[in-house]
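Protein chains in written order, with the working numbering: chain A, 3 to 218; chain B, 458 to 536.
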Amino acid sequence: MGIILEKEAKTVSEATISACEELGVSRSEVDVEILQESSRGVFGIGSRNAKVRVTVKNEKLSEKGLESKKALESILEHLVPTYSVGIRETNDRIRLDIKDTNDKGLLIGKRGEMIKSLEYIVGKISARACEDGREKRINIDIDGYKGRREDKISRLIKDTARKVRKIKKPISLDPMSASERRMAYIALKREGGVGYETKEEQDKKRIIITPHQSRG
Amino acid sequence: MDRLKELVTFIAQSLVDSPDKVEVREVAGEQTAVLELKVAQEDLGKIIGKQGRTAKAIRTILGAAAAKMRKRAVLEILE
Numbered sequence: 003m004g005i006i007l008e009k010e011a012k013t014v015s016e017a018t019i020s021a022c023e024e025l026g027v028s029r030s031e032v033d034v035e036i037l038q039e040s041s042r043g044v045f046g047i048g049s050r051n052a053k054v055r056v057t058v059k060n061e062k063l064s065e066k067g068l069e070s071k072k073a074l075e076s077i078l079e080h081l082v083p084t085y086s087v088g089i090r091e092t093n094d095r096i097r098l099d100i101k102d103t104n105d106k107g108l109l110i111g112k113r114g115e116m117i118k119s120l121e122y123i124v125g126k127i128s129a130r131a132c133e134d135g136r137e138k139r140i141n142i143d144i145d146g147y148k149g150r151r152e153d154k155i156s157r158l159i160k161d162t163a164r165k166v167r168k169i170k171k172p173i174s175l176d177p178m179s180a181s182e183r184r185m186a187y188i189a190l191k192r193e194g195g196v197g198y199e200t201k202e203e204q205d206k207k208r209i210i211i212t213p214h215q216s217r218g
Numbered sequence: 458m459d460r461l462k463e464l465v466t467f468i469a470q471s472l473v474d475s476p477d478k479v480e481v482r483e484v485a486g487e488q489t490a491v492l493e494l495k496v497a498q499e500d501l502g503k504i505i506g507k508q509g510r511t512a513k514a515i516r517t518i519l520g521a522a523a524a525k526m527r528k529r530a531v532l533e534i535l536e
């Protein structure tokens with residue numbers, strides 16, 4: 003069981019917000035149970051406050067989880083005027099999600115360069131700071147950007163594969179990072195009538211979709 | 458511009474063994490600020506990282522912070 007707090011206020015959302023503030027967590031980190039809906043009553047007679055019971059989910063965060071959240075928040079404080087950081091932990095991963103910011107583009111960076119840098123630095127800092135939870139990898143996302151990126155890549159693969167089948171000539175894609183290529187290969191497996199090659203140039207790798215099953 | 462200096466100081470101090478030896482000096486130009494970072498000799502590797510990966514990540518973050526202020530910033534790691 004997690005930490006539980008009951009709060010009363012004029013509306014359900016006000017009560018929830020004040021409970022979250024008191025616990026120092028974001029809305030996504032708690033389960034809310036409505037104990038009593040608010041009621042205005044008639045001419046102010048018989049009006050009732052709303053009552054909620056808030057339970058903190060996943061209250062057992064590892065030391066690394068807490069450290070990584072702290073480190074990310076300290077960096078964001080110097081970067082953007084508003085933000086909040088949600089955290090979820092699984093057996094092998096710590097997921098930090100940056101929300102409530104108007105600077106998504108800045109925090110994502112060109113081709114997700116900034117997310118990667120934040121992930122790397124936060125990972126280094128938190129790994130140094132603690133023993134507990136060391137093996138967990140840090141994952142940072144910004145308002146579900148990575149999920150959307152995956153959709154975009156599978157769409158790109160689908161469209162390009164269709165074009166390759168039509169013109170019967172190979173098409174080479176822009177260089178992608180290892181994680182993006184992983185998504186691309188998964189999408190390519192679903193495509194028939196095309197193969198692919200991976201070409202390396204300096205430290206960049208690009209996928210070339212070929213008309214025939216050359217490999218894979 | 459103090460924010461950039463604080464940002465670099467925070468990151469550097471969190472990465473090294475001797476945070477008290479971290480020094481950041483800012484040489485402000487009109488458009489471009491140069492931040493000179495000095496750490497203990499033994500900590501140099503921690504700031505640079507394998508194949509300069511850590512230094513590169515710090516530079517990316519610094520670049521974003523500067524862009525937000527419509528400035529440019531360069532990080533120099535002093536040996």
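Every residue gets a Cβ at the ideal spot worked out from N, C-alpha and C, and that includes glycine. Values in this document were obtained by computation on a predicted structure and should not be read as measured data.
- In the displayed model, B:T466 falls within a helix according to three-state DSSP.
- Where A:I47 is concerned, there is no enclosing beta strand (DSSP E), because DSSP gives it neither an H nor an E.
- For the C-beta of A:A73, the chain B residues within less than 8 Å are, from N- to C-terminus, S471.
- Among the CB atoms of chain B, one or more fall inside 8 Å of the CB of A:E115.
- Listed in chain order, the beta strand (DSSP E) runs fully inside the stretch 132 to 172 of chain A are 139 to 144, counting runs of at least 3 residues.
- The alpha-carbon separation between A:K112 and A:L175 amounts to approximately 17 Å.
- Taking the CA atoms as reference points, A:E69 sits about 34 Å from A:P177.
- The continuous alpha helix (DSSP H) containing A:Y187 extends over residues 180 to 191.
- In this model, A:I155 and A:I77 are separated by some 30 Å (Cα to Cα).
- In this structure B:V473 touches B:V496 by the C-beta definition: roughly 5 Å separates them, less than 8 Å.
- A:G125 sits away from A:E91, with the two beta carbons spaced by 8 Å or more.
- Around the beta carbon of A:T162, 16 or more other beta carbons sit within 10 angstroms, so the residue counts as buried.
- Within the same chain, and ignoring the five residues on either side of A:I144 in sequence, the residues whose Cβ sits closer than 7 Å to its Cβ are I100, K106, L109, I110, I117.
- Among the residues of chain A, none has a CB under 7 Å from the CB of B:K528; the nearest is roughly 13 Å distant.
- Around B:V484, the same chain offers V491 as residues with beta carbons nearer than 6 Å, after the five sequence neighbours per side are excluded.
- Non-local C-beta neighbours of A:G43 in its own chain, meaning closer than 6 Å and more than five positions away in sequence, comprise S49, ordered along the chain.
- Contacts with chain B at 8 Å (Cβ-Cβ) do not include A:V27.
- The beta-carbon of A:D102 is placed no less than 8 Å from the nearest beta-carbon of chain B.
- Following the DSSP letters along the chain, one finds A:V87 inside the beta strand (DSSP E) bounded by residues 86 to 91.
- Residue state for A:T200 is assigned as strand, using DSSP reduced to three classes.
- As the crow flies, the alpha-carbon of B:R460 is around 12 Å from that of B:A530.
- In the displayed model, B:R527 falls within coil according to three-state DSSP, outside both helix and strand.
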